[in-house]
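The structure under discussion appears below in the form of structure tokens.
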Amino acid sequence: LSGECLRKGQIAMHLDYGYMEEGKLGKPYNIGLLKRLIPYTRPYKKILFLALALTLLITLFDLSIPYLPKIAIDRYILSFWYPVHQKVMPGGLAEEFDQKYGHIVETTKETGLGFLSSSKLKQIDPMDLRHYQEEGLISRERFYRIPAEASNQNRLFAPEKAIKGEGPYLYMPVKALNNVSHDTMIKLRHKDLNGVLLIGVFLLFLIGASFVLNYWQYYLLEKSGQNMMQDIRMELFSRIQGQSIRFFDRNPVGRLVTRVTNDIENLNEMFKSVLITVFKDIFLLAGIIVVLLHLNWRLALISFILLPFVFGLTLFFSRQAREVFREIRKNIAAINAFLQERIPGIRIIQLFVQEKMQLKYFKELNHKNYLASMRQIKIFAVFMPSMEVFSSVGIGLLLWYGGGKVISEQLTLGSLVAFIGYIQMFFKPIRDISEKYNIMQSAMASMERIFGLMDQEEVIQEPETPERPVRAEGHLQFKDVSFAYEKGFPVLTDVSFEIKPGQMVALVGITGSGKTTIINLIERFYEFERGTILLDGLDIREWKIEELRSQMGLVMQDVFIFAGSIAENISLGNKKITKETLEEVSRQANAYQYIKRLSGDFDHEVKEGGATLSGGQRQLLALSRALAYNPTLLILDEATSSVDPETERLIQDSIFSLSRRQTTLIIAHRPSTIRQADRILVMHHGHIVEQGSHEELMALGDIYFRLNRLREKNESTPGSV
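Numbers 528 to 1248, taken from the numbering used here, label the letters of the sequence shown in order.
If you want it as structure tokens, here you go:
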């Protein structure tokens, strides 16, 4: 049973990594979360309104482009006129026609004869049109309308067949011009050609203007989006940086990095790809529907037959894609976690020859991600062609039904061409909306995590009216202080002690006795539950945190070195720390000699973590950093525990020389460091059980005495370090 549990635990360790939350997807919309974005949009509302106005204008241009060919075809290319023989109509029929459609008839010089253009013909009810054609009221013979001056200049057609209109036009039967030469026809229809040319030029203008507007819309959206994301990222980092150490104890670094980088990028993608452009898609869909209904509502309804199937298909594939997308995110998170853990631990992997085993684990993760990605590809490989099929079926229905209407002269050819163009355009926003569905889900999950992180309030509270001590001299007092990292498990219980200005005090005790916790409380990394801590006679909770920490210099066992120069690592970017100060504090820390031996001395570039420096050099650099801020209280937490004897001697020399002018608190195990302290505090299970000088505590023969004997025994054991 234990072996089976161990095996399952190993599988969980290698395949879960605690990153399951990264596979989380939110609802495709959440009004509450979207409302929280509004304050970030306010500084850029003018830009956003301008981008929205450009979106409307671009949509209008896009809707105009298919309509222009319709005008060119119906008004100029296939501009036919049909005779209306009102003189042959019975009286009642003539009155009925005149009341209903008399306003769309062009009159001529001949009494009782008029003409209807092909574009006006579709305004007549199909039942009425059939009836009028059967009665001979409207002839099926087609005529051209040509300028009278053009007919006078060209005698190559039968002028006796021309009918004079009221204006400067003649109406000629189409068949009478069948034998006219190409040049003559161009001269006769030069106004139609000019109209087509004008529409072509206007079409090119719209395309060019649309390009320019799209550029500015994209630029404005990107600019406002990047500004908003920068503001959110800055606020998020500021919130993270202001949290207490307890917050970082509960949140892995990888998760916080993901919030500040990937999650905000998801938010940016939603903003620029969904929140604004979705308006364009909605406007475009609504505009297409209105135009189609205006052109021919019957044909529009035929076209809309496919819509339920299209939306159903889109919803089905969106759900399928959502599940696969969730799995891909989970797999990528697992790969990221694997790499984040393995790369820093590569020395251990190589030391224990685990490369093949780690490669096997990585292969499993990578293959799972590959399979999920292939499923996503298959889904879109079916979805996209399916949308094309529906688009083609829609065009087929248009050609079948609309072609019949064109033949029966109930619909113009230009209208049919426009219908086909709009139907092709209609499916693009639907595809876009389905693709943006997943972006929206991912972004909502990211937004929930970002604002959830912002809502966490684990900050150390600043006093409403901070106070300053009369004199800063490093006088530290603990009075009955108790603290627990987790409720019910106390680490410190009623701890009391005092360190007077200029004293050097050492804290000793077994691992877990509470030594480092005391330092954490002095620095206000955590809030203590009970008691009082005073620095220079003032409760540290009454200090402004920035000023409190500026009074202290902390050197820890695990030194963090930033990527950058030696000077930058000591000053931490503080411009007030001059080159002279750097040299002075490095001398005080006994680091000056080794720094001068480096290429470029204080300008020497070190890698992150100080990989090119020895452990002792890193400790001396950390001590220089602490001294650069001129602290009144110097704290060393196991600063000499993992360095060589020579570096330990240098650190000790530095501490002892500094202790004459500042208060020093040392946590150490090595007797050589502890013995020089003015007073030693012995901690055991969260209590101070002994205190005094080295000689006094050794004379007691209790805990401190046993700790020293144990260390001496370990140091005398062959092979011990």
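Beta carbons are placed, not taken as given, at the ideal position from N, Cα and C, and that holds for glycine.
Asked	Found
Based on Cα-Cα distance, which residue from R856, M699 and D652 lies nearest to L715?	M699
Tell me whether Q937 is buried or exposed, calling it buried when 16 or more other Cβ atoms sit within 10 Å of its Cβ.	buried
Run the proximity test for W824: is its beta-carbon closer than 7 Å to any non-hydrogen atom belonging to the ligand ADP?	The ligand ADP is not among the ligands present in this structure, which contains no ligands whatsoever.
Could you please give the first and the last residue of the uninterrupted alpha helix (DSSP H) stretch that includes I1097?	I1093 to S1098
How long is the line joining the alpha carbons of T788 and N858, rounded to whole angstroms?	18 Å
In angstroms, rounded to a whole number, what distance separates the CA positions of L1148 and Y1156?	13 Å
Count the other CB atoms, across all protein chains shown, that sit within 10 Å of the CB of W743; report buried if there are 16 or more and exposed otherwise.	exposed
Closest to R1145 by CA distance: which of S1126, T1159 and D1171 is it?	D1171
Can you name, in chain order, every residue of its own chain whose Cβ lies under 8 Å from the Cβ of L704, other than the five neighbours on each side?	Y671, F684, M712 and L715
Excluding the five sequence neighbours on either side, which residues of its own chain have a C-beta within less than 6 Å of the C-beta of D808, listed in chain order?	P956, D959 and I960
Nearest to I1215 by alpha carbon, out of I1207, S646 and E1132?	I1207
From which residue to which residue does the beta strand (DSSP E) around M756 run?	Taken as a continuous stretch (DSSP letters only), M756 belongs to no beta strand (DSSP E), being part of the alpha helix (DSSP H) at H717 to Q768.
Return the chain-ordered ranges of every alpha helix (DSSP H) run that is complete within the segment 1147-1207 and spans a minimum of 4 residues.	1172-1185 and 1198-1201
Considering A1033, what are the terminal residues of the beta strand (DSSP E) in which it resides?	M1031 to G1036
Please classify Q1189 as buried or exposed, where buried requires at least 16 neighbouring CB atoms within 10 angstroms.	buried
If you run the structure through DSSP and keep just helix, strand and coil, what is K1014?	coil
From G1091 to Q768, what distance separates their C-alpha atoms?	21 Å
I need the DSSP call for T1059, collapsed to helix, strand or coil.	strand
Taking F1129 as the reference, give the member of S1113, G1143 and A1138 with the closest Cα.	S1113
Tell me the DSSP bridge mates of L1065?	L1062
Per DSSP, G1080 forms a beta bridge with which residues?	L1161
Could you tell me which residues DSSP pairs with Q1004 in its beta bridges?	E1025 and L1061
By Cβ distance, which residues of its chain are closer than 7 Å to A1204, with the 5 residues on each side in sequence left out?	M1031, V1032, A1033 and I1193
Under 8 Å by Cβ, that's how I've got H612 and G639 pegged, so tell me the actual separation to the nearest angstrom.	7 Å
From E662 to L740, what distance separates their C-alpha atoms?	54 Å
Please determine, among G1036, G1041 and L1140, the residue with the shortest C-alpha to C-alpha distance to M1230.	Residue 1230 is actually Ile in this sequence, not Met. I1230 has its Cα closest to that of G1036, out of G1036, G1041 and L1140.
Across which residues does DSSP place H658 in a beta bridge pair?	According to DSSP, which records beta bridges pairwise, H658 is partnered with nothing at all.
Give me the residue from D710, E850, I934 and T804 with the minimum Cα distance to T586.	T804
Taking DSSP as the reference, what is the three-state secondary structure of S1040?	coil
What runs of the alpha helix (DSSP H), each 4 residues or longer, lie entirely inside the segment 771-849?	772-777, 780-785, 791-797, 804-822 and 824-830
If we ignore side chains and look at the alpha-carbon of each, how far apart do V1235 and E1217 end up?	According to the sequence shown, residue 1235 is Asn rather than Val. Approximately 14 Å, taken between the alpha carbons.
Please report the distance separating the alpha-carbon of R976 from that of L783.	10 Å
In terms of residue numbering, what span does the beta strand (DSSP E) encompassing G1219 cover?	H1214 to G1219
Helix, strand or coil: how does DSSP classify I673 here?	strand
Taking the alpha helix (DSSP H) that G641 belongs to, which residues open and close that run?	Where G641 is concerned, there is no enclosing alpha helix (DSSP H), although the beta strand (DSSP E) it sits in stretches over L640 to S644.
Whose C-beta lies closer than 8 Å to the C-beta of L1140 among residues of the same chain, with five residues either side of it excluded?	I1088, V1133 and L1148
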